[in-house]
Structures are given as structure tokens and as C-alpha cells.
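In UniProt numbering, the protein residues as written are 1 to 460.
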Ligand SMILES: [Zn+2]
């Protein structure tokens with residue numbers, strides 16, 4: 001009795017397996033189809049390429065086995081699926097997939113492992129999928145495709161290229177293909193659908209050489225680049241302050257950009273115009289050498305402002321603006337010597353960077369210019385001072401002491417629009433503790449650098 005019962009159970013199980021694999025099931029009767037891919041799955045179901053699993057559900061998130069993959073492809077190509085003996089010792093005639101596997105071998109669509117087996121129950125990888133799909137749909141065209149994890153020495157490189165060129169796959173976010181990653185039934189179904197019907201192919205829009213419609217400068221401490229136009233899309237890269245991006249298209253508040261090898265969407269709120277002319281700014285870290293400037297709270301002005309000056313240069317240069325440094329190390333150019341370095345190197349404006357000292361309660365940022373009248377140079381100096389100072393107090397989260405007309409020598413005895421900015425008080429506890437940190441030195445550098453970008457945009 002016990003024996004008979006188990007025999008019956010096995011029989012029922014076999015029957016349901018057979019029905020599951022071969023009984024035609026309409027799309028609406030298959031459960032568990034992800035709605036995002038309903039069109040593709042419905043298309044495949046309509047052609048009887050996908051059939052439900054024995055329980056009537058699609059099981060889209062299950063990994064696809066090599067025999068299931070061969071079956072789906074066999075149906076897509078309308079190969080002879082009649083069960084029969086195969087050239088693989090591990091695929092016997094009784095296997096539901098034997099007919100499709102053998103037909104696919106005969107068509108040159110699949111090959112087994114070097115040891116002569118097919119490993120039908122193994123989970124298919126994305127690399128194997130690329131080989132199978134590119135063969136199945138006889139893909140021939142290649143293009144300039146690169147993935148970080150598929151070098152041209154990889155044995156699936158060619159297949160992956162074919163698949164990408166055909167618009168059947170676009171890899172995974174971040175520029176990877178992940179050839180060793182396993183693949184789900186839904187994913188595999190998508191690739192089959194794309195192979196069969198061009199309507200389902202991934203958009204090739206971004207692969208085509210788009211025209212640059214604008215160039216912009218990153219105005220943020222960092223800017224995430226995303227795969228799509230919104231914060232819900234995956235990050236594909238990160239941009240530095242001052243970095244120049246080429247803009248290709250706008251979608252609402254978002255723009256599709258490239259910078260170096262990074263391509264994707266960024267929020268246009270964090271972009272400012274890129275000056276188009278060839279500008280050259282002189283950056284003058286104050287003091288140096290035998291002149292330490294102010295010293296308080298363990299900080300020495302000449303060192304703080306040199307650090308900030310060099311960081312500022314990096315951001316300004318990122319933005320495509322040339323820089324002349326009056327000093328790049330610990331030495332003392334005279335005040336007139338600093339102006340001479342600037343003019344001799346054809347700089348068109350001058351920014352001197354200092355840190356303040358006074359009674360300990362004095363705090364905040366301020367920026368000086370010199371104007372006796374309203375000459376072009378003097379007016380430009382006022383603008384430059386304002387652009388820098390307006391960013392500086394926000395970036396430093398300090399009080400704004402404003403822009404002031406004071407005849408310091410480097411701003412007065414100077415043929416160029418010139419300013420002297422004070423990035424905080426070394427003598428103040430709070431200001432000095434900020435100026436000890438890289439975070440706030442970078443903030444000061446961003447403020448000065450992007451204030452300079454603002455100034456050149458105004459000039460243009
Ligand atoms: Zn100083």
C-alpha cells in the first residue's frame with residue numbers, strides 16, 4: 001500500500017511536470033510576471049515560448065537553468081523539440097529539454113563544456129547567455145563597446161559585444177557586464193524577446209554620438225551621476241567641484257552629461273555656466289617664507305592659505321580656467337613682486353588669500369577691494385569680491401562681514417581687478433577649529449574658485 005501510494009505520487013508529479021512544460025498556458029493564467037516586463041513576457045507567452053512552471057506561475061525571479069534556457073531559445077527559433085538522444089552524456093532522451101538541446105547543437109547555437117557535458121541543471125551565467133543569444137539570433141555586428149569587467153581577452157568578449165551592439169543588453173549600472181553573474185528567468189526572457197522583436201530592444205539613444213548642446217561647471221562639493229533623470233536611479237559616478245561637463249540633452253531638471261568616461265544624468269541645479277573665453281587668474285596665497293602672517297590656536301596663516309590656494313587652483317583649473325600662482329611653496333614674494341608675477345604671466349585678475357587675526361570674539365569672512373572712483377578695474381574688483389564673499393560665508397558657515405573698500409597694497413597697486421579675501425579668524429576658537437579641517441579648507445577653496453567662475457561668467 002505504501003509502495004503503491006508513492007508510485008502514484010511520483011506519477012502525478014511527472015504528469016504535472018509534463019503538463020507544466022508542454023501544456024499551453026495563456027499569459028493571464030501565469031502568475032508572478034513582473035509588471036515592468038509584462039509586454040515582453042506576454043509577447044513570449046503568446047508565441048508559446050514561455051510556459052508556466054508546474055504550479056502555473058512564471059517564477060521570474062528563479063534562476064534559469066541551462067536546459068530551461070536552451071528550451072526557451074529552441075522554441076524561439078522554432079527548432080525541433082521532440083525528445084531524443086543527445087550528444088551529451090548528461091542529457092538523456094527522457095529530459096524535457098533533450099530535443100531542443102540536440103537541435104541547438106546541430107544548429108551550432110550551443111556547445112557543451114570542454115569535457116563534453118552540457119550540465120543541464122546548472123544555472124546559466126550572463127556570459128553564457130551572451131554566447132547563446134548572440135548565436136541564436138545570428139548576431140554579426142560589433143561596435144566600440146567597453147565594460148570594466150570584460151576585457152578583450154575574456155572568452156565572452158565577442159559575444160558580449162555582439163549582444164550590446166544589437167541593443168539586447170546594456171550591461172549593469174556602473175559600466176559592468178557581470179559575465180559570471182547568474183541570470184533569472186525574467187532576465188533571460190527579456191533577452192529572448194529583444195532578440196526576436198526589435199521593439200523590445202534597449203534604447204540605443206545614449207550610445208549614439210549625441211551632440212553637445214552646452215558645457216557646464218559642477219557647483220557642489222560633489223555631484224552624483226545617475227543612470228536616469230531622478231534620485232531614484234542608480235549612481236554611476238561622482239563629479240568633483242569645478243569639473244566641466246558636456247551637456248547633451250535636458251529632461252526636466254535633469255541633464256544627460258559626460259565628463260571623461262563618466263556618462264549619465266545630473267541635477268542641473270548643481271551646474272553653473274562654464275566661461276568660454278581663455279581666462280587666467282592669479283592666485284596669491286598671502287605671506288610665506290620669513291613672513292608667517294598671523295599665528296593663533298596652533299595655526300600659521302602662511303601654511304593655511306597656501307593649502308587653500310593650491311586646492312583653489314585645482315578647482316579653478318578643473319573649470320578650464322588657467323591659473324598663475326604667486327607662490328606654490330613656503331617662500332616670500334614681495335607685495336609688488338606678487339603683482340609682477342601676475343602681470344608678467346598675463347593674468348587678467350588677482351585674488352589674494354588670507355586668514356584674519358584680531359580679538360578672539362571677531363569672527364567671519366570678509367573680502368577687500370580698492371576703489372577710488374568707478375573705473376572698469378575698480379568696478380570689476382567690487383564684483384569679484386562680491387562673487388567670492390557671497391559664496392565664502394555660506395560655504396564656511398560663518399558670519400558675513402561683507403566686502404570692503406580698503407587700500408591694501410596688492411589690491412591698490414595693481415593694474416588688474418584685484419581682491420584680498422579673508423577666510424576666517426585664526427584668533428577665533430570656532431573659525432580656527434574649522435580652518436584646521438580639510439573639510440573647511442576645501443569649502444573655502446570651492447568658494448574662492450567658484451566665485452572666480454561666477455566672475456568670469458559675469459565678464460562674459
Ligand atoms: Zn594675511
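Ideal Cβ positions, reconstructed from N, Cα and C, are used throughout, including at glycine.
Taking residue 256 as the centre and dropping the five residues before and after it, the same chain places the C-beta of 248, 249, 265 closer than 6 Å to its C-beta, in chain order.
Counted as a single uninterrupted DSSP element, the alpha helix (DSSP H) harbouring residue 99 occupies residues 98-106.
For residue 367, the enclosing beta strand (DSSP E) has its first and last residue at 365-369. Cβ-Cβ distances below 7 Å link residue 253 to 267, 268, 269 in the same chain, with the five nearest sequence neighbours on each side left out; the list follows chain order. Cα atoms of residue 445 and residue 215: separation of roughly 22 Å, rounded to the nearest angstrom. A distance below 7 Å between beta-carbons, with the five flanking residues on each side excluded, links residue 99 to the following residues of its chain, in chain order: 80, 81, 82, 83, 84.
Beyond the five residues adjoining it in sequence on each side, residue 282 comes within less than 6 Å, by CB distance, of 324, 342, 347, 350 in the same chain, given in chain order.
In this model, residue 39 and residue 108 are separated by some 30 Å (Cα to Cα). Cβ neighbours of residue 378 within its own chain (closer than 6 Å, five residues either side excluded): 371. With contacts defined as CB atoms closer than 8 Å, residue 451 and residue 387 qualify as a contacting pair. At a cut-off of 7 Å, the beta-carbon of residue 286 counts as near ligand 1: some heavy atom of the ligand is closer than that.
Not one heavy atom of ligand 1 lies closer than 7 Å to the C-beta of residue 342.
By the CB criterion at 8 Å, residue 272 and residue 217 fall inside the cutoff. Within the model, the alpha-carbon separation for residue 230 versus residue 260 is close to 21 Å. Of the heavy atoms belonging to ligand 1, none sits nearer than 7 Å to the Cβ of residue 366. Going by C-alpha positions, residue 184 is about 21 Å away from residue 157.
Proximity of the beta carbon of residue 442 to ligand 1 is not indicated: no heavy atom of the ligand is located closer than 7 Å. Residue 301 has its Cβ nearer than 7 Å to a heavy atom of ligand 1.
Taking a cut-off of 8 Å for Cβ pairs, the stretch 163-172 and the stretch 36-51 do not touch, as fewer than three such pairs fall below it. A straight-line Cα-Cα distance of about 29 Å links residue 89 and residue 187. For residue 325, there is no enclosing alpha helix (DSSP H); the enclosing beta strand (DSSP E) has its first and last residue at 322-325. Looking at the DSSP output, residue 87 shares a beta bridge with no other residue. Secondary structure note for residue 273: it is in no alpha helix (DSSP H), and the uninterrupted beta strand (DSSP E) holding it is 271-273. For residue 197, the secondary structure class from DSSP, reduced to helix, strand or coil, is coil. In this structure, residue 293 has its beta carbon less than 7 Å from a heavy atom of ligand 1. In this structure, the C-beta of residue 354 approaches ligand 1 to less than 7 Å from one of its heavy atoms.
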